[in-house]
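Participant: Here's a structure for you.
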Amino acid sequence: MSKKKKLQANKNKWIAALLIGSITMVEITPQLGVIASEEPSNIEQIGLEKSTVGEATTRAFAKTTVNKVKSDSTVVTGKGNPNSYMEIRVKGKSIAAARVSADGTYKVTIPQQPAGTELLVSIGGGSNLSEATTIVQLRSTTINSMRSDSIAVTGTGEPNAYIEIRLNSAPKKGVASGRINAEGTYKLDIKERLPAGTELLASVGGGIAGLEEDTTIVQMMPTTINSLVTTSTTIKGTGEPNAYMEIRLNGSIGAIANGKINADGSYEWLLKESLSVGTLVLASVTVGELKSDVTTTVKEIDKPIMEETIYDIATEISGKGPVQGRVIAYDQDSNKINEAEVKETGEFDMSIPAQKAGSIISFISIDADGNESKPTNVTVQVSTVKINENISTGYMQDTQQLTTTTAPAGQKVTWSTSNDTIATVSGTGLVTYKKDGVVTITARTDNGREASITVTVVNPKPTVSVPIYDLTDSAAGTALANSKVNAYVEGKQIGTTTADDGGNFTMSFPKQRGGTVIDFVSELVGGKESEATKVSVQEATIKINEKDTSGFVKKKINLTTTTTPINAGVTWYSSDATIATVSSTGVVTLNAAGTATITAKLENGKSASVKITVIGIPKVDTAIYDMTTEASGTASGGAVVAYVDGEEIGRTVVGSDGKFTITFPTQRAGTTIDFMAEDEKGDLSDSAKVVVKESSIAINEKVTAGKVGDTQQLTATTTPAGQKVTWATSSAEIAKVDENGLVTFVSKGKVTITVTIENNHTAIASVVFDVEDNVSTLIAKDYTVGEIAVIGSYDKEATKVVLYVDGKAVKNSTLDPATMTYKAAAKSFITNASQKVEMVMSKGTKELKRIVVNVKEAPTNAHALTAQEYYLGSAFTTGTYDKEATKVVLYVDGKAVKNSTLDPATMTYKAAAKSFITNASQKVEMVMSKGTKELKRIVV
662 MSKKKKLQAN KNKWIAALLI GSITMVEITP QLGVIASEEP SNIEQIGLEK STVGEATTRA
722 FAKTTVNKVK SDSTVVTGKG NPNSYMEIRV KGKSIAAARV SADGTYKVTI PQQPAGTELL
782 VSIGGGSNLS EATTIVQLRS TTINSMRSDS IAVTGTGEPN AYIEIRLNSA PKKGVASGRI
842 NAEGTYKLDI KERLPAGTEL LASVGGGIAG LEEDTTIVQM MPTTINSLVT TSTTIKGTGE
902 PNAYMEIRLN GSIGAIANGK INADGSYEWL LKESLSVGTL VLASVTVGEL KSDVTTTVKE
962 IDKPIMEETI YDIATEISGK GPVQGRVIAY DQDSNKINEA EVKETGEFDM SIPAQKAGSI
1022 ISFISIDADG NESKPTNVTV QVSTVKINEN ISTGYMQDTQ QLTTTTAPAG QKVTWSTSND
1082 TIATVSGTGL VTYKKDGVVT ITARTDNGRE ASITVTVVNP KPTVSVPIYD LTDSAAGTAL
1142 ANSKVNAYVE GKQIGTTTAD DGGNFTMSFP KQRGGTVIDF VSELVGGKES EATKVSVQEA
1202 TIKINEKDTS GFVKKKINLT TTTTPINAGV TWYSSDATIA TVSSTGVVTL NAAGTATITA
1262 KLENGKSASV KITVIGIPKV DTAIYDMTTE ASGTASGGAV VAYVDGEEIG RTVVGSDGKF
1322 TITFPTQRAG TTIDFMAEDE KGDLSDSAKV VVKESSIAIN EKVTAGKVGD TQQLTATTTP
1382 AGQKVTWATS SAEIAKVDEN GLVTFVSKGK VTITVTIENN HTAIASVVFD VEDNVSTLIA
1442 KDYTVGEIAV IGSYDKEATK VVLYVDGKAV KNSTLDPATM TYKAAAKSFI TNASQKVEMV
1502 MSKGTKELKR IVVNVKEAPT NAHALTAQEY YLGSAFTTGT YDKEATKVVL YVDGKAVKNS
1562 TLDPATMTYK AAAKSFITNA SQKVEMVMSK GTKELKRIVV
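Just so we're aligned, residue 662 is where the sequence shown starts under our numbering, counting upward by one.
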């Protein structure tokens, strides 16, 4: 590296050196602090102002310190001049270099140095050099914890240094000594056992490298207590030798045992009474300030479980006990008879000598800790044998399998017979009966237990293999081979036969009544008969398999029966052959609508019946037209369905009265509708065919002329009758027609009035009217409200002229034939100009002409009439009236009730009102008149 480049690279280091007055630039290698130096030619080369250097040299230089260093240390710390270069040397050789931090502290890594080594720390240089030294101290000495049963002492300390272990109390007797190994650990045997509580001192060094010591207290041996069970009689365990201990229960204050532990560290205390399950036992040992406690909970050792009964022949037994434990068996004299280890499964097997029945064997569990359970006492049971079959009678040529039940199960038995001419028995217990007599069959076990049954062997009674009915005249069964079989009823023989070589027989006899008991017996040579097999004669029965049903006329139904006995003869009957007949095989032919009962009967009179409803073709009572949507009729029952070309158009259910009503869409005239009955199975009857008729309409009146203003009532006849019709006009300007057929002639001309059946535009009728002008004359003068009558002139053809108000005839006119004038009283009917007023002229019942009367309101300002307010209960109503008036009348609710008293001098009136006006809701008026003409009316 060139001089210039080195100066630039070490610029900061030169700055630090100049600040402390040094002219040497130091570069520290990262490994050992190897120093390289180079002197700059002038200050400017490193870019420093002279004044800056001058200021640096005037600062006070801090004192160097170094902290304590141990032989296992790799770090040196202390204080010195901030930012100054420092170096650590041993015997003049540099072992590390660094720079003091800005806060004046340093921390430098060094190789470990042996105890006693002197370290020199130098900071700065020249006149600003500050140094400090320290001696490397021994590393810390430790002594590990130990117990009173320990045979060595261990710890750490200065490698290769001499260490001494002694008591830390007078006379500080030495216990062990030696040299620490190169790794800094030691293990020294002690000369004698140290009691708990002893304090030991471990010492290393004592020279310039310092003295390193550590102490420890010898701990007690841990206290133990063996497991306890409810049968325990002592408490055992281990603890600190010769130490004092106490035993307490469940935290009680009082001790159940106390004293010193043996010199070998064991103890055993006698229990005065047994402990209960769950009791907490505390063992406490104290040495000075040291204490060691241990607890255990009293448990109960499970007694052995003997799941199988022990019999007096048992030599191998099994059961369950505590895993890793043992089970010991004792006889009733407390003699041990054997023991067995309990398997991992908790089971054990044991061989024992056979014990007497009734004696007791005691089984005790012992767990892995030697704790004993309470005994399980088992009473030895007597072994037995029993013949399972409760047999007292046997039959010749028959066999009987006997079996036994032994306790314990599975014992071998030997079979024997008391008389092998009567019966033999095989080694498996199969007994064969040979001849009649009494025999004993015995089963015996190997230990001499026996069971026996006594059997009386007799001639076997016959068996009858099929039921006997009151229609039966034979029976079949089995009996002793080649034996004679007889049948009796009440002691009288009714049949006899002989069984063949296979023991089968068939016997004929007369039919017997139901309930009769037939005795069948076997007869041996010599006439000796067996017991009787009693067979009750059953009544034959019959059932028709099919339920009550229905069908259509001309159809067939097959009926079947179930009889007991099967294939019994059946006779068929019908209750009404006109409705249904039945063949000898049960085939029913349906002839006509109605209900018939079909009966099947046996020879013994037993019978069964079903009811068959025969459904006929529906009868349609309604004539059907091209506008008909509903038809009624009668049917046998079920449903009625309507079809057109095979497509269903309507369906209904027949009522309980046999009537039906069915709806369907309208059909074209000429269409054939098939009406069919349908039963519950969905079967259809033959059809009732109905052809749709064409509907028609005609106008009854034969009138063809009319006059303007006249009316003509038209009516129509429809087929079918009663149809709703629609009326129409070809010209409403000539004639109008309402919905009821009333024609009103409006003007002169020719008009056609048409009528059609509603919703059926094919049925139509019409009439053509020639309408002429009406020459009848009817005139009415204008009428002013309040006038007495409506007057005018009328036509000579008229017989009456009637006043109509708001469309209602209210008054006939008085006619004057001489002047052809009329007068109709109108004042009480026409009350205002808004009413529709007409005069109607008629000839007999025929209206000739109708005109509207022009009605005018009476002038309101022509006459003066006032009324004062009236208060309920006042005697009079009062007011003023016009000078032309001749009277003023009080009206209440439209009715004149009182004339007023008039005062011409003051033109005032007064009408008594108290008895007429009773509430404010009444309509009260004052009416002023002149003669019969009303002049004015006001509301009070």
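The C-beta atom is built at its ideal place from N, Cα and C for all residues, glycine as well.
Keep in mind that this is a model prediction, so the values were computed, not measured.
Using a Cβ-Cβ cutoff of less than 8 Å, which residues in the same chain neighbour VAL1214 once the five nearest sequence positions on both sides are dropped?
Facilitator: To locate residue 1214, count along the sequence shown from 1; it is residue 553. Result list for VAL1214: LEU1251, ASN1252, ALA1253, ALA1254, VAL1275, ILE1276, GLY1277, ILE1278, SER1346 and ASP1347, in chain order.
Participant: Work out the CA separation of GLU1499 and LYS1472 for me, nearest whole Å.
Facilitator: For the purposes of this step, residue 1472 is taken as residue 811 along the sequence shown, with counting starting at 1. For the purposes of this step, residue 1499 is taken as residue 838 along the sequence shown, with counting starting at 1. Cα-Cα distance, rounded: 11 Å.
Participant: In this structure, does DSSP put ASN1143 in helix, strand or coil?
Facilitator: The sequence position of residue 1143 within the sequence shown is 482, counting from 1. Here ASN1143 sits in coil by DSSP.
Participant: CB GLY1164 to CB VAL1198, shorter than 8 Å?
Facilitator: Residue 1164 sits at position 503 when you count from the first residue of the sequence shown. Residue 1198 sits at position 537 when you count from the first residue of the sequence shown. No, the pair does not count as a contact, with Cβ atoms beyond the cut-off.
Participant: What's the call for PRO1478, buried or exposed, on a 16-neighbour Cβ count within 10 Å?
Facilitator: Counted from its first residue, the sequence shown places residue 1478 at position 817. The residue in question, PRO1478, is exposed, as its Cβ has fewer than 16 Cβ neighbours within 10 Å.
Participant: Opposite LEU931 in the DSSP bridges: which residues?
Facilitator: Within the sequence shown, residue 931 is the residue found at index 270, counting from 1. In DSSP, LEU931 forms a bridge with THR895.
Participant: Please report the straight-line C-alpha distance between THR1103 and LEU1185, rounded to a whole angstrom.
Facilitator: Along the sequence shown, one-based indexing puts residue 1103 at 442. Along the sequence shown, one-based indexing puts residue 1185 at 524. Distance between the alpha carbons of THR1103 and LEU1185: 29 Å.
Participant: Which of the three DSSP states, helix, strand or coil, is assigned to GLY835?
Facilitator: Position 174 of the sequence shown, counted from the first residue, corresponds to residue 835. It is a strand residue.
Participant: Should ARG987 go down as buried or exposed, given a rule of 16 or more other Cβ atoms within 10 Å for buried?
Facilitator: If you number the sequence shown from 1, residue 987 lands on position 326. With 16 or more other Cβ atoms within 10 Å, it is buried.
Participant: What is the DSSP secondary structure of GLY787, reduced to helix, strand or coil?
Facilitator: For the purposes of this step, residue 787 is taken as residue 126 along the sequence shown, with counting starting at 1. GLY787 falls in the helix class under three-state DSSP.
Participant: Any idea if GLY1019 is buried or exposed, counting beta-carbon neighbours within 10 angstroms, 16 or more meaning buried?
Facilitator: Locating residue 1019 in the sequence shown gives position 358, where the first residue counts as 1. So GLY1019 ends up on the exposed side.
Participant: For the putative contact between GLU1518 and ASN1493, defined by C-beta atoms under 8 Å, what is the C-beta separation to the nearest angstrom?
Facilitator: Locating residue 1518 in the sequence shown gives position 857, where the first residue counts as 1. Locating residue 1493 in the sequence shown gives position 832, where the first residue counts as 1. That pair is a contact at about 7 Å.
Participant: Say whether the region 1050-1068 touches the region 1108-1125, bearing in mind that this needs 3 or more beta-carbon pairs closer than 8 Å, one atom from each stretch.
Facilitator: Yes, since at least three Cβ pairs between the region 1050-1068 and the region 1108-1125 fall closer than 8 Å, the two stretches touch.
Participant: Give me the residue from ILE922, ASN1147, GLY1343 and ALA1300 with the minimum Cα distance to PHE1170.
Facilitator: One-based indexing of the sequence shown puts residue 1170 at position 509. Among ILE922, ASN1147, GLY1343 and ALA1300, the Cα nearest to that of PHE1170 belongs to ASN1147.
Participant: Quick check: the region 909-918 against the region 928-944, are there 3 or more CB pairs under 8 Å?
Facilitator: Short answer: they touch.
Participant: Taking contact to mean 3 or more Cβ pairs, one atom from each stretch, closer than 8 Å, check whether the region 1091-1108 and the region 1069-1082 are in contact.
Facilitator: With the cut-off at 8 Å, the region 1091-1108 and the region 1069-1082 touch.
Participant: Measuring straight from C-alpha to C-alpha, what distance separates ALA1068 and TRP1076?
Facilitator: For this step, residue 1068 is matched to residue 407 along the sequence shown. For this step, residue 1076 is matched to residue 415 along the sequence shown. If I take the Cα positions, the gap works out to 17 Å.
Participant: For VAL751, collect the residues of the same chain with a Cβ closer than 8 Å to its Cβ; drop the 5 residues on either side in sequence, then sort them by chain order.
Facilitator: Along the sequence shown, one-based indexing puts residue 751 at 90. Result list for VAL751: GLN774, THR778, GLU779, LEU780 and LEU781, in chain order.
Participant: Count the other C-beta atoms from every protein chain shown that fall within 10 angstroms of the C-beta of VAL1398, then say buried if there are 16 or more, exposed otherwise.
Facilitator: The residue you call residue 1398 lines up with position 737 of the sequence shown. Label assigned to VAL1398: buried.
Participant: Below 8 Å between beta carbons: does that hold for LYS731 and GLY765?
Facilitator: Sequence index remark: in the sequence shown, residue 731 carries index 70 (1-based). Sequence index remark: in the sequence shown, residue 765 carries index 104 (1-based). Their beta carbons are not under 8 Å apart, which means LYS731 does not touch GLY765 by this criterion.
Participant: Under the rule that 16 or more other beta-carbon atoms within 10 Å means buried, what is GLY912, buried or exposed?
Facilitator: In the sequence shown, counting from the first residue as 1, residue 912 sits at position 251. Answer is exposed; the Cβ neighbour count stays below 16.
Participant: Quick one, which of SER788, TYR1532, ALA1359 and ASN1228 has its alpha-carbon nearest ILE1414's?
Facilitator: As a first step, residue 1414 must be located in the sequence shown, where it is residue number 753. Out of SER788, TYR1532, ALA1359 and ASN1228, ALA1359 has the C-alpha closest to the C-alpha of ILE1414.
Participant: Locate the beta strand (DSSP E) running through LYS1594, then write down its first and last residues.
Facilitator: Within the sequence shown, numbered from 1, the residue matching residue 1594 stands at position 933. Residues 1594-1600.
Participant: Quick one, which of ASP1543, TYR1552 and ALA1581 has its alpha-carbon nearest ALA1566's?
Facilitator: Position 905 of the sequence shown, counted from the first residue, corresponds to residue 1566. Considering only alpha carbons, the answer is ASP1543.
Participant: So, using beta-carbon positions, are VAL1116 and VAL1100 closer together than 8 Å?
Facilitator: Locating residue 1116 in the sequence shown gives position 455, where the first residue counts as 1. Locating residue 1100 in the sequence shown gives position 439, where the first residue counts as 1. Yes.
Participant: Could you give the distance in angstroms between the alpha-carbon of ALA1487 and the alpha-carbon of THR1322?
Facilitator: Indexing the sequence shown from 1 puts residue 1487 at position 826. Indexing the sequence shown from 1 puts residue 1322 at position 661. Cα-Cα distance, rounded: 59 Å.
Participant: Would you mind sorting ALA802 into buried or exposed? The rule is 16 or more other CB atoms within 10 Å of its CB.
Facilitator: One-based indexing of the sequence shown puts residue 802 at position 141. Sequence check: residue 802 is Thr here, not Ala. So THR802 ends up on the buried side.
Participant: Is the beta carbon of ILE841 less than 8 Å from the beta carbon of GLU819?
Facilitator: Taking the sequence shown and counting its residues from 1, one reaches residue 841 at position 180. Taking the sequence shown and counting its residues from 1, one reaches residue 819 at position 158. Their beta carbons are under 8 Å apart, which means ILE841 touches GLU819 by this criterion.
Participant: Less than 7 Å separating the Cβ of GLY785 from some heavy atom of the ligand GTP?
Facilitator: As presented, the structure is devoid of all ligands, the ligand GTP included, so that no description of it is given.
Participant: Give a yes or no on whether the C-beta atoms belonging to VAL1248 and ASN1219 are separated by under 8 Å.
Facilitator: Numbered from its first residue, the sequence shown carries residue 1248 at position 587. Numbered from its first residue, the sequence shown carries residue 1219 at position 558. Yes, the pair counts as a contact, with Cβ atoms nearer than the cut-off.
Participant: I want to know whether the region 1292-1303 touches the region 1437-1447 - three or more CB-CB distances under 8 Å.
Facilitator: The answer is no - the region 1437-1447 does not touch the region 1292-1303, with fewer than three Cβ pairs under 8 Å.
Participant: Following the continuous beta strand (DSSP E) through ALA1604, name the residue where it begins and the one where it ends.
Facilitator: Beyond the ends of the chain as shown, which are 662 and 1601, falls residue 1604; an answer cannot be given.
Participant: Using only CA atoms, which one of LEU861, LYS768, LEU790 and SER762 lies nearest to SER811?
Facilitator: Working through the sequence shown from its first residue, we reach residue 811 at position 150. For the residues LEU861, LYS768, LEU790 and SER762, the minimum Cα distance to SER811 belongs to LEU861.
Participant: Is the beta carbon of THR1065 less than 8 Å from the beta carbon of ILE1048?
Facilitator: Mapped onto the sequence shown, residue 1065 falls at position 404. Mapped onto the sequence shown, residue 1048 falls at position 387. Contact: yes.
Participant: From the DSSP secondary-structure annotation, give me the bridge partner or partners of THR1438.
Facilitator: Residue numbering aside, residue 1438 sits at position 777 when the sequence shown is read from its first letter. Bridge partners of THR1438: none, in fact.
Participant: Under the three-state reduction of DSSP, which class applies to PHE1325: helix, strand or coil?
Facilitator: As a first step, residue 1325 must be located in the sequence shown, where it is residue number 664. Looking at PHE1325 - three-state DSSP - the assignment turns out to be coil, as it is neither helix nor strand.
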